[in-house]
Amino acid sequence: MKTWKLLGFALLSLALCATSCNKPDKQKGGSQLALTINDGKTSIAADGRDAATFTVIQTKEDGTKIDVTTTAEFTANGVAFEGYKFTTKTAGTYTIVATYDGLTSNEVRVTASSLSLSVDLESIAANGQGTATFTVTYEDRDVTADATITNLSSDEIYPKGANTFTSPNYTGEFQFSAQYNNLTSNTVTVTVVPATAPTLRLIPSVGRVNVNDIVTFTVENNGTDITDAAKIKVVDGDYLEGNSYTMTATGTVQFMAEYEGATSPVVSVSTKEFFKNVLIFKFTNIDCSYCPQLAQSIEIAAETQPIIDVAIHYTRTGAPDPMVKDEALFADYRPYLMSTGGIALPQAFLDMFEAQIPGAVSSDMVVSYVKPLAVRPAYAGIAASAKADGSQVTATVNVTSASNTRELYLAVMLIENGIRYKQSGSNLGDNYVHNHIYRELATETIYGDQLGTLANNQQVTKTYTFDAADYDVNNCHIVAYVLYKDGEKYIATNAVDVPMNNWVDYQFAE
188 MKTWKLLGFA
198 LLSLALCATS
208 CNKPDKQKGG
218 SQLALTINDG
228 KTSIAADGRD
238 AATFTVIQTK
248 EDGTKIDVTT
258 TAEFTANGVA
268 FEGYKFTTKT
278 AGTYTIVATY
288 DGLTSNEVRV
298 TASSLSLSVD
308 LESIAANGQG
318 TATFTVTYED
328 RDVTADATIT
338 NLSSDEIYPK
348 GANTFTSPNY
358 TGEFQFSAQY
368 NNLTSNTVTV
378 TVVPATAPTL
388 RLIPSVGRVN
398 VNDIVTFTVE
408 NNGTDITDAA
418 KIKVVDGDYL
428 EGNSYTMTAT
438 GTVQFMAEYE
448 GATSPVVSVS
458 TKEFFKNVLI
468 FKFTNIDCSY
478 CPQLAQSIEI
488 AAETQPIIDV
498 AIHYTRTGAP
508 DPMVKDEALF
518 ADYRPYLMST
528 GGIALPQAFL
538 DMFEAQIPGA
548 VSSDMVVSYV
558 KPLAVRPAYA
568 GIAASAKADG
578 SQVTATVNVT
588 SASNTRELYL
598 AVMLIENGIR
608 YKQSGSNLGD
618 NYVHNHIYRE
628 LATETIYGDQ
638 LGTLANNQQV
648 TKTYTFDAAD
658 YDVNNCHIVA
668 YVLYKDGEKY
678 IATNAVDVPM
688 NNWVDYQFAE
């Protein structure tokens, strides 16, 4: 009998518990707590600033409604946050709940959407041709056209909608972020790796020709002559019978070689004038606060203009500059660099004579200085290669004359890119990237070796070596330039920039 009484008591207790446990927590003496989100904003940006704002209303037994927002407590996914505005830097879905005076509100869900930056290629080659393309999304919408992208490694903000990064001629890691509607995205990294030259190369025997001249081609595969086993063809035309071609008309003809499924880069043979690059010697110093502005202006101008840029670090008052090299070589420029109070930097000289960029001008001004020189005749064309064997760098330079009255000179420099070091006037501190830095000169003076007065279309080949043990060979390249003498002045008539372990062929005007 005692057992049945105990069992009955237990069943009664369970029934009472079931009745009370099923009662919602938010009920207290008939009162309710209602949580609403202002303006129905259930999606915010996960940037730590965009907020979802809440209102909490307590409804009493008699129907009276009281706003208790400022005294209620809030949680997001069970984690308390202060105030009644919810922000986060972490994308995701959050369940918001309010409590007040023992009451618990209904749940409100908020989605935090981050501005997202993605890139199609995380690694590109340091050859000035590799391209990484960015996409910016917000709440699953592509907003790339309305976003701006910042290269955090160079402190450069791209124009709105510009979404490509073209590799420089040096290696390193580059970080980017996007901005849209006052939001800032995640950071992505693009790694620029050493460029690998094509294994197959087609080499013409001459640079520029006359009508009826014969051009003979050599085909190399990794430096080995495989001409007899390769096929040579006119681009969009027929294969050659053998390895020679007769120029039958004025103009430019393009050729390529094929070998075991591989195709060489295209080379041109032409009767036209050589394409002309403008050589800029930019004098700078790490203590020059206006120098980064001119450096960036030249970089931007070089995107549309034929510029070969060499940065020459020059001594001035202030902190020692470890990139100053062989300053005596440039003594002829000193009178132009002097102004009241000392050396005025930055300064830039175009084509080796007094055509001068006087200070930190805009990119549009750089263009205006370059354009008149770019249309001057090129009295020589240059084709060159640069090869590294450990720290030993060999430059082979072919020069073809486009004049039989000009005495020509050839100079070759070793240049280094991607040097991270402090720079006044930059926001990057020790991470400022110095590019196009003059390192070594292969000839005795900046006016080069005398080639003499060559016959029209005559080609001369010169070979130079550099010891690059003190430099990052992967980030080095060769600048070769040809000068002519006009009275006592030396004027650069053409120049080329050659990446390491690669080559540059003759280029012709259109």
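With my numbering applied, the sequence shown covers 188 to 697. Glycine included, C-beta positions come from ideal geometry on N, C-alpha and C. Every value quoted in this text rests on a predicted model; they were computed, and no experiment measured them.
With a beta-carbon spacing of about 5 Å, A365 and I336 fall inside the 8 Å limit used to define contacts. No Cβ-Cβ contact shorter than 8 Å links Y367 with A416.
The region 563–580 and the region 614–622 do not touch, with fewer than three beta-carbon pairs separated by less than 8 Å. Membership of R521 in the alpha helix (DSSP H) is indicated by the continuous run 521–524. Per the DSSP secondary-structure output, G639 pairs in a beta bridge with L595. Within its own chain, the residues whose Cβ lies closer than 7 Å to the Cβ of L638, once the five positions on either side in sequence are excluded, are V586, L595, Y596, L597, V647, listed in chain order. Around the beta carbon of Y426, a 10 Å sphere encloses fewer than 16 other beta carbons of the protein chains shown; the residue is thus reported as exposed. Beta-carbon to beta-carbon, N662 and T358 are separated by about 6 Å, close enough to satisfy the 8 Å threshold.
C-alpha of N604 to C-alpha of T502: approximately 20 Å in a straight line. Between Y281 and S300, the CB-CB gap reaches or exceeds 8 Å. In this structure, N681 keeps its C-beta atom at 8 Å or more from the C-beta atom of F361. Along the length of the region 649–680, whole beta strand (DSSP E) runs at least 3 residues long occupy 663–673, reported in chain order.
Fully enclosed beta strand (DSSP E) runs of no fewer than 3 residues occupy 465–471 of the region 462–487, in order along the chain. Relative to the Cα of T414, the nearest Cα in the group N399, Y432, I390 belongs to I390. Straight through space, the alpha carbons of T439 and T403 are spaced by roughly 16 Å.
In this structure, DSSP gives K252 an extended state, which the three-state scheme calls strand. Annotated three-state conformation of D508 is coil, per DSSP. For A570, there is no enclosing alpha helix (DSSP H); the enclosing beta strand (DSSP E) has its first and last residue at 567–576. Inter-segment contact for the region 600–617 and the region 658–673 is present: three or more beta-carbon pairs are separated by less than 8 Å.
For the region 323–384, the full-length beta strand (DSSP E) segments reaching 3 residues or more read 335–338, 351–353, 359–367, 375–380 along the chain. For D551, the uninterrupted alpha helix (DSSP H) segment begins and ends at 550–561. Annotation: the continuous beta strand (DSSP E) that includes Y625 extends over 624–628. Listed in chain order, the alpha helix (DSSP H) elements of length 4 or more contained wholly in the region 242–294 amount to none.
Assigned with DSSP and collapsed to three states, D684 falls in strand.
Closest option to I678, judged by alpha-carbon separation, among Q483, Y668, I494: Y668.
According to the DSSP assignment, A535 belongs to the beta strand (DSSP E) that extends over 534–537. The beta carbon of L628 sits closer than 6 Å to the beta carbons of M600 from its chain, once the five residues preceding and following it are set aside; these are given in chain order. Counting along the chain, S230 sits inside the beta strand (DSSP E) bounded by residues 230–232. In the same chain as Q543, and ignoring 5 residues on each side of it, the C-beta atoms closer than 6 Å to its own belong to F536, in chain order. Within the model, the alpha-carbon separation for G429 versus I419 is close to 8 Å. The three-state secondary structure of E407, taken from DSSP, is strand.
Residue pairing of T414 in beta bridges, as defined by DSSP: absent, with no partner found.
Going by C-alpha positions, F268 is about 18 Å away from S230. A direct Cα-Cα distance of roughly 18 Å separates M552 from T471.
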